């Protein structure tokens, strides 16, 4: 028996669920071993003589990939890891895909640790990804039926997760080009569009969830899912509930909270101000 301590900034090769992969790919290969950037501040884990973890604890982190098109136009960090199989290969962090995985039966071997300046850049990218984008909830206000919005509970169906989940952060579609945040006037019909994951709190053992009261961190699993996994809306909570839980996630990964606000929209016909409850604070 031994102990391995994972720390924020460590990178280990872990067996990860193919939650974000196309269904036809995930059916053939439900799990894939890939680099995973650890975001727990410190996580000591017991291992057997072969370095395989014997405890079931949550590891929160970010998938890494060598495919640059998976991060084009999104916050990310790029770096090179040592090793004969990685020579000349650039590794990218898929920041939009923050998630938790179980440590149980994972072979825990840290292969790289990000330097201080890399972690600073990583924190900036992650902070940008883990807060809402104004353009998405503006469209959601006027298209509520079509939108999947923070505060809503949906039944989801992926190759690895079937059950109910609370939407924490809505990202949506974006143009895969440079300076996408400032490109409001792009001709989207001529641009490459791809979906960005939604961050959800999945309830692996609960059904008919109407409130988070009485639940603990261990009753939910933070994960990233694609839009096509949402099957049926089952309930709606106060938008501030998702905001508070999203800030709890930010705290776990070492980020300061964002400020939740309920904006006031003034009626230009002279009517009284209408207070609309937004999913998160505008940025």
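In this note's numbering, the protein residues as written are 5 to 287.
Every residue gets a Cβ at the ideal spot worked out from N, C-alpha and C, and that includes glycine.
Model, not experiment: these values are computed from the prediction.
Please look up how many angstroms separate the CB atoms of residue i and residue j, rounded, as I've assumed it's under 8 Å.
i           : j           : result
residue 110 : residue 262 : At roughly 31 Å, the Cβ-Cβ gap does not stay under 8 Å, so residue 110 and residue 262 are not in contact.
residue 229 : residue 23  : 6 Å
residue 171 : residue 202 : 6 Å
residue 158 : residue 234 : 5 Å
residue 155 : residue 242 : 6 Å
residue 126 : residue 97  : 7 Å
Give every residue of the same chain whose Cβ lies closer than 6 Å to the Cβ of residue i, excluding the five residues on either side of it in the sequence, and list them in chain order.
i          : result
residue 63 : 105, 107
residue 14 : 42, 114, 117
To the nearest angstrom, how far is the alpha carbon of residue i from that of residue j?
i           : j           : result
residue 215 : residue 259 : 26 Å
residue 50  : residue 245 : 34 Å
residue 76  : residue 67  : 15 Å
residue 40  : residue 152 : 28 Å
residue 249 : residue 224 : 11 Å
residue 57  : residue 174 : 34 Å
For residue i, I'd like the list of residues in its chain whose CB is within less than 8 Å of its CB, leaving aside the five on either flank, ordered along the chain.
i           : result
residue 94  : 70, 72, 82, 83, 84
residue 29  : 22
residue 160 : 166, 167, 168, 169, 204, 206, 229, 233, 234, 235
residue 238 : 157, 158, 159, 168, 212, 213
May I ask which residues mark the beginning and end of the alpha helix (DSSP H) holding residue i?
i           : result
residue 246 : 243–256
residue 124 : 120–133
Could you check where the beta strand (DSSP E) with residue i kicks off and where it finishes?
i           : result
residue 227 : 225–229
residue 80  : It is not in any beta strand (DSSP E) - residue 80 carries neither H nor E in the DSSP assignment.
residue 50  : 46–51
residue 166 : 166–173
residue 157 : 156–161
residue 34  : Element bounds for residue 34: n/a, residue is neither H nor E.
Using a 10 Å radius around the Cβ and a threshold of 16 neighbouring Cβ atoms, would you call residue i buried or exposed?
i           : result
residue 33  : exposed
residue 183 : Note that residue 183 has pLDDT 40, beneath the 50 cutoff, so the model's placement of it is unreliable and no number is given.
residue 52  : exposed
residue 115 : exposed
residue 37  : exposed
residue 7   : exposed
residue 101 : buried
Is any heavy atom of the ligand MN found at a distance shorter than 8 Å from the C-beta of residue i?
i          : result
residue 63 : Within the structure as shown, the ligand MN is missing, as the structure has no ligands at all.
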